[in-house]
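So the sequences go chain by chain: A and B.
Note that the first sequence covers residues 2 to 301 in the working numbering.
Note that the second sequence covers residues 170 to 420 in the working numbering.
No residue lacks a Cβ here, since even glycine has one placed at the ideal position from N, Cα and C.
These numbers come from a predicted model, not from an experiment.
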Amino acid sequence: MSNPTLISPSSPLKRIMNAVRAVEAGNYVPGLLSDLEHDSGELGQLAHMLDAMARNVSIRDHQLRLLRKVIPIGVALSAEKDYNRLLETLVVEAQFFTNADAGTLYILEDNALKFVILRNTSLDMAMGGTSGAEIPFYPVKLYKPDGSENRANVVSHAALTHKRINIADAYEADGFDFSGTKAFDARTKYRSKSFLAIPLENTDNKVIGVLQLINAKNADTGEIIPFKDDDVLEALVLLATAALDGYIREASLRQEIAKLKIEINESRRTRQVAEITETRYFQELKDKANQLRDQSRNKK
Amino acid sequence: MSTIISIHSFRGGTGKSNTTANIAALLAADGARVGVVDTDIQSPGIHVLFNLDESEMVHSLNDYLWGKCAIEEAAHDVAAHLGAEVKGQIFLIPSSIKPGEIARILREGYDVGLLNDGFRDVVEKLKLDYLLIDTHPGLNEETLLSIAISNALVIILRPDSQDYQGTAVTVDVARKLDVPKMLMLVNKVPPQFDLEDVRTRVEQTYDATVAAVLPHSDEMMTLASSGIFAIRFPDHPITKGLRKLVDQLKA
Numbered sequence: 002m003s004n005p006t007l008i009s010p011s012s013p014l015k016r017i018m019n020a021v022r023a024v025e026a027g028n029y030v031p032g033l034l035s036d037l038e039h040d041s042g043e044l045g046q047l048a049h050m051l052d053a054m055a056r057n058v059s060i061r062d063h064q065l066r067l068l069r070k071v072i073p074i075g076v077a078l079s080a081e082k083d084y085n086r087l088l089e090t091l092v093v094e095a096q097f098f099t100n101a102d103a104g105t106l107y108i109l110e111d112n113a114l115k116f117v118i119l120r121n122t123s124l125d126m127a128m129g130g131t132s133g134a135e136i137p138f139y140p141v142k143l144y145k146p147d148g149s150e151n152r153a154n155v156v157s158h159a160a161l162t163h164k165r166i167n168i169a170d171a172y173e174a175d176g177f178d179f180s181g182t183k184a185f186d187a188r189t190k191y192r193s194k195s196f197l198a199i200p201l202e203n204t205d206n207k208v209i210g211v212l213q214l215i216n217a218k219n220a221d222t223g224e225i226i227p228f229k230d231d232d233v234l235e236a237l238v239l240l241a242t243a244a245l246d247g248y249i250r251e252a253s254l255r256q257e258i259a260k261l262k263i264e265i266n267e268s269r270r271t272r273q274v275a276e277i278t279e280t281r282y283f284q285e286l287k288d289k290a291n292q293l294r295d296q297s298r299n300k301k
Numbered sequence: 170m171s172t173i174i175s176i177h178s179f180r181g182g183t184g185k186s187n188t189t190a191n192i193a194a195l196l197a198a199d200g201a202r203v204g205v206v207d208t209d210i211q212s213p214g215i216h217v218l219f220n221l222d223e224s225e226m227v228h229s230l231n232d233y234l235w236g237k238c239a240i241e242e243a244a245h246d247v248a249a250h251l252g253a254e255v256k257g258q259i260f261l262i263p264s265s266i267k268p269g270e271i272a273r274i275l276r277e278g279y280d281v282g283l284l285n286d287g288f289r290d291v292v293e294k295l296k297l298d299y300l301l302i303d304t305h306p307g308l309n310e311e312t313l314l315s316i317a318i319s320n321a322l323v324i325i326l327r328p329d330s331q332d333y334q335g336t337a338v339t340v341d342v343a344r345k346l347d348v349p350k351m352l353m354l355v356n357k358v359p360p361q362f363d364l365e366d367v368r369t370r371v372e373q374t375y376d377a378t379v380a381a382v383l384p385h386s387d388e389m390m391t392l393a394s395s396g397i398f399a400i401r402f403p404d405h406p407i408t409k410g411l412r413k414l415v416d417q418l419k420a
């Protein structure tokens with residue numbers, strides 16, 4: 002009878018112990034012990050139980066994260082003044098829940114999608130938000146110079162059509178201009194593959210921004226896979242929309258300061274003053290006021 | 170020697186009556202005898218801040234203008250209504266809040282000259298150190314008169330595009346009336362604004378002294394018309410700002 006413990010180079014018991022530690026550390030990959038699970042002996046049963054337990058732990062982790070992350074973000078939204086930081090948290094969490102390698106948040110301003118937050122985990126890139134780093138990329142215009150809609154770009158297409166775009170592989174997709182993406186990839190030796198672009202619509206059904214996630218990864222193998230629907234992502238999209246709305250409102254309030262200086266129409270001012278001061282009543286009043294002041298001065 | 174101070178804003182809703190009541194309370198707290206006249210005959214309101222009930226109103230400014238009473242008979246001692254003891258005194262001359270009387274004065278008008286005599290009389294009879302005039306928004310005849318006879322004018326505006334143009338006209342008109350002292354008060358500033366930046370911009374725009382820039386305050390909103398803010402919250406930043414304004418009025 003063959004001894005199953007001799008199959009692997011390291012001792013199966015040690016591997017099971019390592020797997021337990023991985024569960025503890027939160028980085029257990031399902032199927033880690035799949036070869037041991039085929040074993041009919043007690044160690045195989047143990048590996049099988051451990052794997053099942055680890056999967057349950059991961060589901061509970063997911064729920065806990067929903068409870069501990071998404072709900073507090075919602076609460077923070079009602080009190081938070083630093084929308085920039087909130088938006089960054091939302092992008093990072095959206096990446097986490099979809100297991101996406103990269104995430105970008107755009108704001109719609111002057112018919113162009115301007116970069117607000119950019120994160121790429123494997124390239125170790127963090128721009129916008131609390132990073133302090135400016136994003137050096139040009140905004141994506143919604144319209145071409147001839148005035149027609151720019152649907153060639155994934156994010157502008159999403160903003161124009163109010164529809165989500167889910168692409169399995171950018172390099173194979175038809176109808177979209179991924180030239181900017183390809184240039185970025187060439188420069189950074191990256192490979193952008195799966196895309197999910199979600200238009201962020203406010204309560205008036207107006208698109209105020211786009212959340213784009215890139216390269217969803219299979220949690221087990223690390224392989225790039227297409228994006229799937231996710232309840233938590235839906236909650237994050239709603240929160241991101243509310244946070245972006247707050248961000249826009251705050252920005253427009255800040256701009257009002259400049260209006261203090263520019264809002265006076267000088268020619269109208271002159272005319273309006275003249276309409277009052279050139280009346281007979283005003284002239285009489287002025288004379289009388291001077292007289293009264295002289296009187297009180299004399300009294301003093 | 171008494172000082173007549175007009176408190177004005179070109180538009181309504183700037184917190185004019187509220188500011189007037191608070192200036193009065195702070196002056197009285199310093200021991201002054203202060204008179205307050207509500208010349209906002211069309212929409213009177215300052216009596217509410219001084220907690221003066223309609224049933225307590227013996228005579229109003231309207232009665233004086235119709236020759237029914239002497240001006241000092243329309244003056245109500247409201248110092249006891251402040252909710253805290255003050256050294257000085259406050260006499261309020263309210264406008265009538267009876268709809269019939271408001272309608273009558275709007276319909277028939279009145280002799281604006283009588284207002285001037287009334288102001289002089291009340292200062293003398295009640296030995297006032299200060300007479301505060303809560304004016305009607307805009308620039309009608311009685312408002313122009315109030316400004317013309319004042320030793321000091323406080324112009325209130327909010328950081329709101331609707332306030333800028335009219336305020337500019339008010340500033341120019343007041344200059345032509347040679348008001349000896351003109352101070353601006355920027356009120357209800359939203360929290361997103363930098364108060365010093367607002368001050369600089371308003372001073373540059375109107376070429377006038379900004380005595381205080383007061384932030385929007387939830388406490389002020391909650392208190393609304395049910396009391397005098399400076400008395401209730403003596404250490405609040407808004408009270409400190411109002412105090413600065415009062416110090417400049419006294420200087």
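Secondary structure of Asn291(A) (DSSP, three-state): helix. Beta-bridge annotation (DSSP): Leu301(B) is paired with Ile174(B), Val205(B).
Sequence-distant Cβ neighbours of Val92(A) in its own chain, meaning closer than 8 Å and more than five residues away, are Gly104, Thr105, Leu106, Ile118, Arg120, Gly130, Leu212, Ala241. Residue-level contact check: Leu352(B) does not touch chain A, since none of the beta carbons of chain A fall below 8 Å from its beta carbon. Residues of the same chain with a CB within less than 7 Å of the CB of Thr339(B), apart from the 5 flanking positions on each side, are His177, Phe179, Leu308, Ile324 in chain order.
Counting C-beta atoms within 10 angstroms of its own C-beta, Gln284(A) has fewer than 16 neighbours from the protein chains shown and is therefore classed as exposed. Setting aside the 5 residues that flank it on each side, Ala377(B) is surrounded in the same chain by Val340, Met351, Met353, each with a C-beta closer than 7 Å to its C-beta; the list follows chain order.
Here the C-alpha atom of Glu241(B) lies approximately 23 Å from the C-alpha atom of Ala290(A).
According to the DSSP assignment, Phe288(B) belongs to the alpha helix (DSSP H) that extends over 281 to 294.
Taken atom to atom, the span from the alpha-carbon of Ile226(A) to that of Lys194(A) is near 8 Å. Phe288(B) has its alpha-carbon roughly 15 Å from the corresponding atom of Glu310(B).
Taking a 10 Å sphere around the C-beta of Ile199(A), we find 16 or more other C-beta atoms and assign the residue as buried. Where Pro200(A) is concerned, there is no enclosing alpha helix (DSSP H), although the beta strand (DSSP E) around it starts and stops at 196 to 202. Going by DSSP, Arg69(A) is part of no alpha helix (DSSP H) at all; its letter is neither H nor E. Here Thr208(B) is buried. Its C-beta has 16 or more other C-beta atoms within 10 Å. Counting the other CB atoms within 10 Å of its CB gives Val291(B) a total of 16 or more, which places it among the buried residues. Not a single C-beta of chain B is nearer than 8 Å to the C-beta of Leu245(A). The C-beta of Glu310(B) comes closer than 8 Å to at least one C-beta of chain A. By the C-beta criterion, the stretch 342 to 351 of chain B is judged not to be in contact with the stretch 188 to 207 of chain B, since fewer than 3 inter-stretch pairs fall below 8 Å.
If you look at Pro384(B), you'll find it in the beta strand (DSSP E) that goes 378 to 384. Here the alpha carbons of Val274(A) and Leu283(B) stand approximately 26 Å from one another. Three or more beta-carbon pairs separated by less than 8 Å link the stretch 15 to 35 of chain A to the stretch 202 to 222 of chain A, which places the two stretches in contact. Rounded to the nearest angstrom, the gap between the Cα atoms of Gly210(A) and Thr271(A) is 44 Å. With the rule of 3 Cβ pairs closer than 8 Å, the stretch 250 to 266 of chain B counts as touching the stretch 210 to 226 of chain B. Any Cβ of chain B closer than 8 Å to the Cβ of Ile108(A) would place that residue at the interface, and such an atom is absent. Taking 8 Å as the upper bound for CB-CB distance, Leu300(B) and Leu261(B) are not in contact here, some 11 Å apart.
Glu279(A) sits exposed, since fewer than 16 C-beta atoms from the chains shown fall within 10 Å of its C-beta. By the rule that beta-carbons nearer than 8 Å mark a contact, Glu89(A) does not touch chain B. Distance check between Thr204(A) and each of Ile60(A), Leu245(A), Ala174(A), Gly42(A) places Leu245(A) closest, using alpha-carbon atoms only. Under the Cβ criterion of 8 Å, Asn112(A) is not counted among the residues facing chain B. The Cβ-Cβ distance between Val382(B) and Arg370(B) does not fall below 8 Å. In the structure shown, Thr374(B) falls within a helical segment according to DSSP collapsed to helix, strand and coil.
Put simply, the backbone Cα of Lys115(A) is about 4 Å away from that of Pro140(A).
Ile277(A) reaches chain B at Leu308, Leu313, Val338, Val342, counting residues in chain order whose Cβ is nearer than 8 Å.
In the three-state reduction of the DSSP assignment, Gln361(B) falls in the coil class, being assigned neither a helical nor a strand state.
The shortest CA-to-CA distance from Ile210(B) to any of Gly252(B), Glu277(B), Tyr333(B), Ile397(B) is the one to Glu277(B).
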